[in-house]
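All residue numbers for the sequence shown refer to the numbering used here, where the first residue is 15 and numbers rise by one.
We treat Cβ as the ideally placed atom computed from N, Cα and C, and that holds for glycine.
Fair warning: this is a prediction, and the values are worked out from it, not measured in the lab.
A short worksheet on the structure shown next.
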Amino acid sequence: MSSFLFRVGRFAVRWRWAVIAGWLVLAIGGGALSQALGGTLASTFEIPGTPSQQALDQLQQRLPQLSGATARVVIVAPSGTPVTDQADAIATACEHLAAVDGVAGVTCPVAMSASGATPASSGEPAQISRTGEMAFITVQLSVAATDIDESLVAAIEEAAQPAAAGGATLAYSGLVASAQDGVDWTEVAGMAIAFIVLAITFGAVVAAGVPLVTAIIGVTVASSSILIVAAFAPVSSTAPLLATMLGLAVGIDYALLIVSRHRAQLAEGMDARESIAVAIATAGTAVVFAGLTVMIALLGLAVAGIPFLTVMGVGAAGAVLAALAVAVTLLPAVLAVLGRTVRPRARRRLRTRSTRPPVWVRLATRVPAATIGVVVIALMVVATPALSLRLTLPDAGYDPPSSQARIAYDLLDEGFGPGFNGPLLITADISGTLQIQDALDALDDAFSGIPDVVAVSKAFTNEAVDLAVLSITPASSPSSDATTDLVRTLRDDEPAFAAAHGFGYAVTGQTALAIDISDRLGAALLPFGIVVVGLCLVLLTIMFRSIAVPLSATLGYLLSVVAALGVTSAVFEWGWAADLLGVGKVGPVISFLPILVMAVLFGLAMDYHVFLVSRMREHYATSGDAHGAVLGGFSASARVVTAAALIMFSVFFSFVPGGNAIIQPLATALAAGVLIDAFVVRMTLIPAVMALLGHRAWWLPAWLGRLLPDADIEGEAVERMRAQRSWLAGRADGGAAGDGVLAHGVRIGGEDISDLVAPRGSVVLVEGPAAVAARFVAAVAGRTADVEGDLVVHGRLLPFERAAVASQAAYVPAAPERADASSLAEHLRRSLRADGVGVLRAHEAVIRAAATFDALLAVVSGSSAHEVSERTPMGQLSDAERWAADVAVAATSGLALVSIDLGDRADAQALAQIVVRAIDPGITIVLGSSAAVLDASPERPVVRVDAGAPAESEGGRR
């Protein structure tokens, strides 16, 4: 990983202006395209497959008149005046409303004349409050809530104005979606705080601005992508806001980590361009792994099986992916443009070089067991309010108190009771009965006299007379436990009703939807935890090559989650600091808050764990001192982790004041979780755990270590590559010997290889044990990374640039691959094309390869020779004959290096001579054999290499 990121960093530095231009095109072009497509965001929640959603779908299909949005005009008479005194004015308003384009029907509280599609009526007394001071007009719209535009809202408000005669107050509900998104001054304030933290951390304005600029570009690309998708598929209105919140937070943090490493290296005198690539390779590796954990956790939301939640997770994961891409491509390009201007000042450099560990980590690790006990107990106390956390779906009652929807909601609650704003709908499929009136009477009787119900409407049918509908008004609010119990009671009674009457019913509505979501999420929590935590444990085990580190990271995360939920419950359920934070309504929070917090906070917690423990790992890898690694790693990363946590907290917290009912509790939980996780768990608990475990913290079973890939988070591969480059440039010949094959102190598979200098076009004859020689032959051709020491092939460092070497090297192992159904001629032709032989040279190359094959065949077949033609299937050839065919292809390929393992063949001498004669001068040949003897010539020098015992001379034996 580190070697790959080093190359990415160098590419971005070299082509910095092209990289910057590319990202600007993505940001500007994506924004323009999203605006042109005009994608709309959905503010409603649909949960396919749940009982409440199935009932709503059935209602929309069979009774489309009710599928449009329903609005209400609330009329409040002056204090002490009956609203009926304004009957004429209200009737006029009803008639005007019925004539508005987009209105399907009007139900008036007083008598009205026919208007529009609404017939004359004597009024609906139930729409007048018990005190007589309040009434409402029901306006049934022909469009869905998401399709209500500003012109329709203005037309309805204008039509209702006659009802305001005599000083009456009007309020409107159902005209504007409850969730209002957008960036306001609080988000700007959050960005300003982030800039201040960065400026203090870096001590420079220019360096502080870099993470902000790159993060904003990444967020712009991600948000534009979400809006583009919204033009073709349903996307929740919360998705771009969540993506913006996360994208800004992780984008700034990732850039902060890389820029901090770059500045530290500049302070040590490293070249600016080299420092950028090294910072991307080292800090960038930690960033990539941290970002992957965040993305895994967010994508794991799909386990819940709730489409809008899955879309939110995918959108947020896309924002994190954009932040990662920006961090490893755009950021190095910007740093390359800035050059050494981001280098810390002299005084800050002296402070940076201070090696004394901070007081905090010394106190935390002095008595680690006591620290662990205190932290765990304190976090469990903070988590206590989470036991009373209630969940719901937000409605207009959670809107800001000054909004029209909230004013109307509160007025209706006051005048008609708390359950009026959350009626339950009962739908019954009566297509299987002919006794329609009996069915309606059964429904009316079934719901009369039920506790906690204040009103039950008369059941009615659709035009097809196959669906009956009635509404129930609970005595309690939609988010109360009493209403939840009522829904469960109604559903529990349904089987008995169905058995008695031959048809059943379904319960839907706001509370029913919330219950169904909670049940779905509750069932998904366990598989979500297994999938997400399991995958991330695997990822962290690969990264840190330890058992204790991933386990401690996960346990710390669980403590952070319950503590964050405890803080959220204290604010939104208990009302602590609710007024200070601008909480719109104290009460239950959005149903999917726990699983969303679990997903996001897991990724963010792993960010800090990776940032902190990766530096501990670096120190432990170099010193072997477990306790010193804890102190040293903390010292190296504490400043950056502190700044990152404060930045992320400021970004999240900026969405709390004035936020909507979905984002506000989520932002509160994430802001609290970030502070708790960074300062209490990662910077206090984890150092204590690591100190307590000592060397055991880095223990990994040997069998597991062999199975796991090496992620190289310490950047050892990059440091080794830089050391090799320095060694090559520092040679007396200025590295000119590297144009051929140059080996110094090489070990392959634990065996020593003698030093050698072989010019380009020479023959390198590898002698020694067959297995060791075979590994060296494969390594020189770039086919294996199992190489220690300094090995240079045609100016390329191995194993770091083995892909480039392999692309210009033909390699033939001692054992050929399994034969296919092709003929010999087809095999030669196809193999030569695979080696890059063009169409114009193909015919000549096949002829040359066939001639070389014939010469080799005469040797490998010996006395058992049989007739082989160009049409002979490869499956009829022996292993030796197929090997000869592969050698013939390699000798004719024209690649810059041909590496052939002759193995322990007795006829290796004759085979080697044929190969050398067949290959053009100027092509380097590497042969693995303990039996071949070749004579050197001025055109083709021969260098012998001992595999298994180092030679005394660098040049090998000639």
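query                                                                                                          : result
Those runs of the alpha helix (DSSP H) which lie wholly inside the region 575-645 and span at least 4 residues : 592-595 and 607-637
Whole-angstrom C-beta distance between Gly-261 and Thr-228, which should lie under 8 Å                         : Thr-228 to Gly-261, Cβ: 11 Å. No contact.
Of the listed residues Val-389, Phe-666 and Phe-625, nearest to Arg-653 (C-alpha basis)                        : Phe-625
Nearest-angstrom beta carbon gap, Ala-538 and Val-317 [assumed within contact, 8 Å]                            : 5 Å
Limits of the beta strand (DSSP E) - the one that Leu-909 falls within                                         : Here Leu-909 belongs to no beta strand (DSSP E), and DSSP marks it neither H nor E.
Beta-bridge partners of Thr-252, as assigned by DSSP                                                           : DSSP output for Thr-252 lists no bridge partner at all.
With 16 other Cβ atoms within 10 Å as the buried cut-off, status of Phe-139                                    : This sequence places Pro at residue 139; Phe is not what is there. With fewer than 16 other Cβ atoms within 10 Å, it is exposed.
Per DSSP, the bridge partner or partners of His-709                                                            : Paired residue(s): none; His-709 is not in a bridge.
Among Arg-370, Gly-754, Ala-869 and Leu-607, nearest to Arg-954 - alpha-carbon criterion                       : Gly-754
Environment of Ala-134 [buried if 16+ CB atoms lie within 10 Å]                                                : exposed
Sequence-distant residues of its chain with Cβ nearer than 8 Å to Ala-839 (five each side left out)            : Val-860, Ala-864, Glu-884 and Arg-885
Where Thr-568 falls: helix, strand or coil (DSSP)                                                              : helix
Rounded straight-line distance, which links the Cα of Gly-936 to that of Arg-739                               : 25 Å
Bridge partner(s) assigned by DSSP for Tyr-825                                                                 : Ser-913
Distance between beta carbons of Leu-909 and Ala-835, contact taken as under 8 Å                               : Contact doesn't hold; Cβ gap of about 27 Å is too wide.
Sequence ranges, beta strand (DSSP E) only - wholly within the region 520-567, length at least 3               : 520-523
Phe-814 - containing beta strand (DSSP E), residue span                                                        : Run containing Phe-814: none; DSSP gives neither H nor E here.
Beta-carbon proximity check, Val-235 vs Ala-41, cutoff 8 Å                                                     : yes
Residues bridged to Val-780 [DSSP beta-bridge criterion]                                                       : Gly-942 and Val-959
Below-8 Å beta-carbon distance, Ile-104 vs any chain B residue                                                 : In the structure shown, chain B cannot be found, because there is only a single protein chain.
Residues near Ala-716 in its chain [Cβ-Cβ closer than 8 Å; skip 5 each side]                                   : none
Ordered list of alpha helix (DSSP H) runs contained in the region 69-123, each at least 4 residues             : 101-112
Separation of Phe-558 from Phe-216, as counted between CA atoms                                                : 28 Å
contact_flag[the region 349-357, the region 321-335] where n(CB pairs < 8 Å) is 3 or more                      : no
When Val-348, Gln-927, Ser-66 and Gly-646 are compared against Ser-628, the one with the closest alpha-carbon  : Gly-646
Cβ-Cβ distance between Leu-401 and Ala-185 below 8 Å                                                           : no
Terminal residues of the beta strand (DSSP E) in which Asp-766 lies                                            : 765-767
Straight-line Cα distance separating Gly-232 from Val-87                                                       : 44 Å
For Ile-142, three-class secondary structure by DSSP                                                           : strand
Residue range of the alpha helix (DSSP H) that includes Met-394                                                : 382-397
Contact the region 395-409 vs the region 111-122: 3+ CB pairs below 8 Å                                        : no
Span of the beta strand (DSSP E), counted from its first residue to its last, around Phe-150                   : 148-155
Thr-906 and Thr-938 closer than 8 Å at C-beta                                                                  : no
DSSP beta-bridge partners of Glu-802                                                                           : Arg-761
Residue closest to Ile-142, alpha-carbon to alpha-carbon, out of Ala-125, Val-157, Gly-130 and Ser-156         : Ala-125
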